[in-house]
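Enquirer: Residues -5 to 784 (my numbering) are what the sequence shown spells out, left to right. Dropping the structure in here first, questions after.
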Amino acid sequence: MHTADSHDLIRVSGARENNLKNVSVEIPKRRLTVFTGVSGSGKSSLVFHTIAAESQRMINETYSAFVQGFMPAMARPEVDVLEGLTTAILVDQERIGANPRSTVGTVSDINAKLRTLFARLAEPNLGSTNAYSFNVATLSGKGAVTIDKGEGKQVERKSFSVNGGMCPHCEGMGTATDISIAEVVDESKSLNDGAITVPGYKPGGWSVRLFSESGYFDPDKPVADFDEKERHYLLYAEGEKVKINGTNITFDGLIPRIRRSFLSKDRDAMQKHIREFVDRAVVFTTCPECEGTRLNTAARSSLIAGKSIADVCALQISDITDWLDQIEPGNASALLDSLRADVRAFIDIGLGYLSLDRSAGSLSGGEAQRIKLVRHLGSSLTDVTYVFDEPTIGLHPHDIQSMNELLLALRDKGNTVLVVEHKPETILIADHIVDLGPGAGSNGGEVTFTGTVDDLRNSDTLTGQHLGYTAALKDTVRKPTGALEIRDAGSHNLRDVDVDVPLGVLTVVTGVAGSGKSSLIEGSLRGRDGVVVIDQAPIKGSRRSNPATYTGMLEPIRKAFAKANGVKPSLFSANSEGACPVCNGAGIIYSDMALMGGVSAPCDECEGKGFQTEVLEFTLGGLNIREVLDLPVDSAIEHFGAGESRIPAVVKILKILAEVGLGYVSLGQPLTTLSGGERQRLKLAVHLSAKAADAAQVIILDEPTTGLHLADVENLLRLLDGLVDSGRTVIVIEHHQAVMAHADHIIDLGPGAGHDGGTIVFEGSPADLVTGAKANGSLTAKHLAEYVNS
């Protein structure tokens, strides 16, 4: 029976995606609902894979059959009933595509508004918005273009022109590539002796024969003896016609061939030896024509209040307001107000330290999510469902307050806001809370609580019990055994910083987002002997990679299967002989839809298992290889800890995975489905289980609390203590006050972000920071004091 206000609810009934156990729940519309629970409890399965996924699928079904034919096929989520859905917009932590033409300005739409402003008010005026765009080239040409003027009148134009702002030298990229000839050619050798040192160019091979048999060179003459014409053909010729063995062939020199073969490809997709060659041979320099602004001379010479559009995009965003205030509005007052609101939103969300010309690909996941939020705040859409994935990631407590206000502003525009979150500061502002658990993986997947914050506090759930948890300051701190010296650190916004990072203790580096923490620690210490940086960057590998392959434990498991069944180990690899022949062991059929994105569906032949049917008949300890890969880490510890399936080497790795908080992750879960925090913890586990682990005495972690429930933060602190007690130095870049309070030493950067940061505000113990001794107006001191005294 429907309640009177059922139209104000999203009703979920019988949700069974992933580990959800027939979940039914009602979520109020036009309210802020926070979903809580330990990592792996089912939050994402409910919010992203059920509610948001079904909304997206139903929207797709409103398009014509023809249009749907070009769109990714989306399976209906495993759920009985979903009612009351509105259009769902995901604001996630996926990094904004690393298209080199994407900048903070283009992805936030501020650039589009600036181009309109310049087209209206700039002097000398260039007329169109395209004239201020580095993505539009200036073109002119001839061709029959028919223009319909109405009332049956048509005019045929014989020429066309496009007035774009792209720098013609670098084609709007801002950088020029210079190829080192010494890394391409060994001039002491002849072509036949191997003068060309580019990967794939072997004497006698077709690539070299194209040169040696072209007729342009004596293939036995050292390149050092080539005259100017021969050097030109070897290095720079393009589109020349030559005849080899009676066949007409287009001949290009080495430099054009390298640009085409190597520089047009994604660096991460290259084989290791090719990537190393490109890193050696190619030097990226600022374009000398446009000085990195990407714009042509005309666009750079057109000014408003003394600045070109390139000048404005190079400013720290927080400084753009001063420039806007100098402009006579004329007929653009509404546009100026809109730009001011955009700039204010960037500042409020803690991103005022960015510049509009910053490459989008260089943004962290948290920064990318907050930029998407700014874009949606300016949207005129209402009554939609916004779905956020841990929006506080990367935010100092000072900035979380601003984030909370923006989430509430979205709600107050009449939208439904769903947030998956662990931070208590954001849980506390919720109108409604849905807590999942009680545990993770197979021990989760149930709704353990729904209601208000006050009701949650009084509940017996893990989240309720830990909502008021605070870590106390340590009575005594460890004494350093030495120091890592950093001198004159000046990258990004750092102001020639000198600091000694103590050895043998737990150091926490704090400061608002953009204050210079990563620049100081990772920028100065990465690459030093004995230093390991364990970050949240994606793990290189295909959709086939999983924790079992990444940690190396699959190898002993396959050998044990082979020994127990008297067959070859390669049968138990989804990448080798045992693989399903249809999907090649992937378990899914993946179709690349180019611009439309990829489509994946379970393989019909193996039903998504990835292995041939015969392989699945072999067992170890009562389980086949697929069932073993489906085990969560916690269950696998028991399985491989006793009986015929006992493998001590595997148990050692599994226990470390559990220790870092990944007990709920299955051995065969694709790495591409792990969050940033889960990836970091997996890297840490691999490092700790490696034979060479003791060689790295300094471990740097970047926000290890990402994705951790309040209950798991205690486990993390124990893990960090264990690392230090084993004789290591641990340096943590972190915003969580529990980690700050637990530190032996704090280095606080600031006082603000961007050019308002980049200096050491405080060095010393957490107790000294809280009491205000030498705190110099530190924002961290204020929030840590509130935390430990709450």
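Ideal Cβ positions, reconstructed from N, Cα and C, are used throughout, including at glycine. Predicted model, so just to flag it, every value in this text is computed and none were measured.
So does the stretch 739 to 759 actually touch the stretch 768 to 777, counting three or more Cβ pairs closer than 8 Å?
Expert: yes
Enquirer: Given a cut-off of 9 Å on the beta-carbon distance, is the pair Leu318 and Leu333 in contact?
Expert: Judged by beta-carbon spacing, Leu333 lies within the 9 Å limit of Leu318, meaning their Cβ atoms are closer than that value.
Enquirer: Per DSSP, Pro596 forms a beta bridge with which residues?
Expert: In DSSP, Pro596 forms a bridge with Ile582.
Enquirer: Output the distance between the C-alpha atoms of Leu375 and Ile423, rounded to the nearest integer angstrom.
Expert: Answer to the nearest angstrom: the Cα atoms are 23 Å apart.
Enquirer: I'd like the span of the beta strand (DSSP E) that includes Lys235, first residue to last.
Expert: Per DSSP, the unbroken beta strand (DSSP E) holding Lys235 starts and ends at Glu234 to Ile238.
Enquirer: Taking Asp429 and Thr442 to be in contact with their CB atoms under 8 Å, please state how far apart those CB atoms are, rounded to whole angstroms.
Expert: Going by Cβ atoms, the distance from Asp429 to Thr442 rounds to 5 Å, so yes, they are a contact pair.
Enquirer: Are the CB atoms of Val381 and Ile343 within a distance shorter than 9 Å?
Expert: In this structure, Ile343 lies away from Val381, with their beta-carbon atoms at least 9 Å apart.
Enquirer: Note down, in chain order, each residue of its chain lying with its Cβ closer than 7 Å to the Cβ of Asn709, except the 5 sequence neighbours on either side.
Expert: Around Asn709: Gly655.
Enquirer: Taking the C-alpha atoms as reference points, what is the distance between Ser415 and Val41?
Expert: Before going further, note that residue 415 is Glu rather than Ser in the sequence given. Whole-angstrom Cα-Cα distance: 12 Å.
Enquirer: Just the C-alpha distance for Asn540 and Glu571, rounded to the nearest angstrom, thanks.
Expert: The C-alpha of Glu571 is placed about 18 Å away from the C-alpha of Asn540.
Enquirer: Using the C-alpha atoms, what's the distance from Thr700 back to Leu467?
Expert: 21 Å
Enquirer: Tell whether a beta-carbon distance below 9 Å holds between Gly324 and Leu115.
Expert: yes
Enquirer: Compare the C-alpha of Ser7 against each of Val32, Glu224, Ser38 and Leu76 and name the closest.
Expert: The residue from Val32, Glu224, Ser38 and Leu76 with its alpha-carbon nearest to that of Ser7 is Leu76.
Enquirer: Between Pro197 and Asp187, which are expected to be in contact by the criterion C-beta below 8 Å, what is the C-beta distance as a whole number of angstroms?
Expert: 7 Å
Enquirer: Identify which residue in Glu672, Ser302, Asp86 and Pro118 has its Cα closest to the Cα of Gln530.
Expert: Glu672
Enquirer: Can you pull the DSSP bridge partners for Tyr380?
Expert: DSSP output for Tyr380 lists Ile83 and Val411 as bridge partner(s).
Enquirer: Under a Cβ-count criterion, where at least 16 other Cβ atoms within 10 Å of its own Cβ denotes burial, should Glu48 be classed as buried or exposed?
Expert: buried
Enquirer: For Arg481, name the three-state secondary structure that DSSP assigns.
Expert: strand
Enquirer: Please state whether the Cβ-Cβ distance between Asp494 and Ala483 is less than 9 Å.
Expert: no
Enquirer: Among Gln731, Pro664, Arg538 and Ala106, which residue has its Cα nearest to the Cα of Ile303?
Expert: Ala106
Enquirer: Quick check: what's the CA-CA separation for Ala69 versus Gly602?
Expert: 14 Å
Enquirer: Taking only three categories from DSSP, how would you classify Ser349?
Expert: strand
Enquirer: Just the Cα atoms here: how many angstroms apart are Gly604 and Asn578?
Expert: 7 Å
Enquirer: Determine, using beta carbons only, whether Met52 and Leu26 come nearer to each other than 9 Å.
Expert: no
Enquirer: With three or more beta-carbon pairs closer than 8 Å as the criterion, would you say the stretch 384 to 393 touches the stretch 401 to 418?
Expert: yes
Enquirer: Who pairs with Phe245 in a beta bridge, going by DSSP?
Expert: Glu234
Enquirer: Give me the Cα-Cα distance between Val101 and Ile365, rounded to the nearest whole angstrom.
Expert: Looking at the two C-alpha atoms, the distance is approximately 8 Å.
Enquirer: Which class does Pro496 belong to by DSSP, given the choice of helix, strand or coil?
Expert: strand
Enquirer: Would you check whether the ligand GTP has a heavy atom nearer than 8 Å to the C-beta of Thr280?
Expert: Looking at this structure, you won't find the ligand GTP or any other ligand, since it has none at all.
Enquirer: Apart from the five residues just before and just after Asp214, which ones in its own chain have a Cβ nearer than 7 Å to its Cβ?
Expert: The beta carbon of Asp214 sits closer than 7 Å to the beta carbons of Ser184 and Asn186 from its chain, once the five residues preceding and following it are set aside; these are given in chain order.
Enquirer: Please classify Phe60: is it buried, with 16 or more other beta-carbons within 10 angstroms of its beta-carbon, or exposed?
Expert: exposed
Enquirer: On the criterion of 16 or more Cβ atoms from any shown chain inside 10 Å, does Ile4 qualify as buried, or is it exposed?
Expert: buried
Enquirer: Can you look up Pro642 in the DSSP assignment and give me helix, strand or coil?
Expert: Of the three classes helix, strand and coil, the one that applies to Pro642 here is helix, per DSSP.
Enquirer: Suppose the cutoff is 7 Å on Cβ atoms and the five residues either side in sequence are ignored; what does the same chain contact list for His267 look like?
Expert: Pro193
Enquirer: Report back the beta-carbon spacing between Ile694 and Glu516 to the nearest angstrom; my notes put them in contact at under 8 Å.
Expert: 7 Å
Enquirer: Do Thr44 and Val73 have their C-beta atoms closer together than 9 Å?
Expert: yes
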